[in-house]
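Trainee:
In my numbering, the protein residues as written are 7 to 362.
1) Per the contact definition of three or more C-beta pairs closer than 8 Å, is the stretch 179-186 in contact with the stretch 203-213?
2) Is it the case that the stretch 154-173 contacts the stretch 253-260, given that we only count it when at least three CB pairs across the two stretches are under 8 Å?
3) Counting only runs of 4+ residues fully inside the stretch 179-235, write out the alpha helix (DSSP H) ranges in chain order.
4) Where does residue 11 land, buried or exposed, given buried means 16+ other C-beta within 10 angstroms?
5) So the candidates are 294, 73, 115 and 26; which of them puts its Cα closest to the Cα of residue 225?
6) Check whether the Cβ atoms of residue 173 and residue 53 sit closer than 8 Å, and answer yes or no.
7) Using only the alpha-carbon positions, how far apart do residue 279 and residue 240 sit?
8) Cα separation between residue 306 and residue 319?
9) Can you tell me whether residue 158 is buried or exposed, with buried defined as 16 or more other CB within 10 angstroms of its CB?
10) Taking just the CA atoms, how far does residue 66 sit from residue 45?
11) Expressed to the nearest angstrom, what Euclidean distance is found between the alpha-carbon atoms of residue 196 and residue 104?
12) What do you get for residue 310, buried or exposed, if any count of 16 or more other CB atoms within 10 angstroms of its CB means buried?
13) Would the beta-carbon of residue 36 fall within 8 Å of that of residue 317?
14) Pull up the distance between the alpha-carbon of residue 20 and that of residue 273, whole angstroms please.
15) In the DSSP assignment, what residue or residues form a beta bridge with residue 47?
16) Determine whether the beta carbon atoms of residue 101 and residue 213 lie at a separation below 8 Å.
17) Leaving out five residues on either side along the sequence, give the residues of the same chain with a beta carbon under 7 Å from the beta carbon of residue 43.
18) Suppose the cutoff is 8 Å on Cβ atoms and the five residues either side in sequence are ignored; what does the same chain contact list for residue 1 look like?
Right under this line is the structure:
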């Protein structure tokens, strides 16, 4: 052999693997180690893009487990407004890995946050998921009661799942100085009040995120040995950065770190897959055409292309169907609902209000 590149597949070369293709005809970019079966219980958590994954999997007939379904008769936008039917628990968006690790440890009694209550205009909010009750609660005691119930459901979710799909969203977060509590939004954005002496900005590194996931994996395998993982990276850029960098370079750093962590974990662990929705949607082949006009949100076409890549890889021989950013649950009430929504619910978008 004259060169180690001789005899490689056409997909190994940029000209034949990418330049000669269009975005819809990309092949072999996702080859799951273990395809997801439709009867396996799948749980989804993460940032905004993870909401599309759950919706489309339900539409396709996968068993997406919901540990906190909405009250009877509440569906679509009305349910989404209160954090229902977005993820497999009513967590709100889980943007950073440390936040996910702390959620597990709190649910299983391994960690206790310093304070879970934020106040705004005489109403009280769960600091760890402030968006799920838009109007807040009447007292701190009610917040505590609701959180206790939520954590019981989170515990059930992790114990029940066969496959855990997690979408990594951000490296940037806000942390309580003394306790290390991580919040999904900066204090003062939805509720609470920002205080420099109490809260600090944290931009997680590759090693910190990697170690947090491996610690979480050890925890999860103890309570659910059969569980396997699919990691993805959100293609949605930062709304704003708290670093001193331009938001473009801050976004590139954040997504590069997350992509690197996800790739490393998938390389080293047989029970972890990486789903390259980020790679597809941000590729030069897509040329930005799969984003909305704000250059942040993924278009319905983009969601469809990413999800068809997932389904075609997991359902070899089943054929292709149209997938959009809409979705439906296998639950009959959900299927009959006229309020099904393809809208993302992202707390970080609220930061734009501070752009004066």
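Glycine residues also receive a C-beta, built at the ideal position from the N, C-alpha and C atoms.
Small disclaimer: the values here were computed from a predicted structure and weren't measured.
Mentor: Per the coordinate set shown:
1) Enough Cβ pairs lie closer than 8 Å, so yes.
2) Here the stretch 253-260 makes no contact with the stretch 154-173; the two share fewer than three CB pairs at distances below 8 Å.
3) If only uninterrupted alpha helix (DSSP H) runs of at least 4 residues are considered, those enclosed by the stretch 179-235 are 212-229.
4) Residue 11 comes out exposed.
5) Considering only 294, 73, 115 and 26, the residue with the shortest C-alpha distance to residue 225 is 115.
6) For the 8 Å CB-CB criterion, residue 173 and residue 53 form a contact.
7) Cα-Cα distance, rounded: 15 Å.
8) Each residue's Cα considered, the two are about 20 Å apart.
9) With fewer than 16 other Cβ atoms within 10 Å, it is exposed.
10) Roughly 12 Å separates the two Cα atoms.
11) A direct Cα-Cα distance of roughly 21 Å separates residue 196 from residue 104.
12) That one is buried.
13) The Cβ atoms of residue 36 and residue 317 do not sit closer than 8 Å to each other.
14) Cα-Cα distance, rounded: 22 Å.
15) Paired residue(s): 69.
16) No, they are not a contact pair.
17) The beta carbon of residue 43 sits closer than 7 Å to no other beta carbon from its chain once the five residues preceding and following it are set aside.
18) Outside the shown range of the chain, which is 7 to 362, sits residue 1, and nothing can be said about it.
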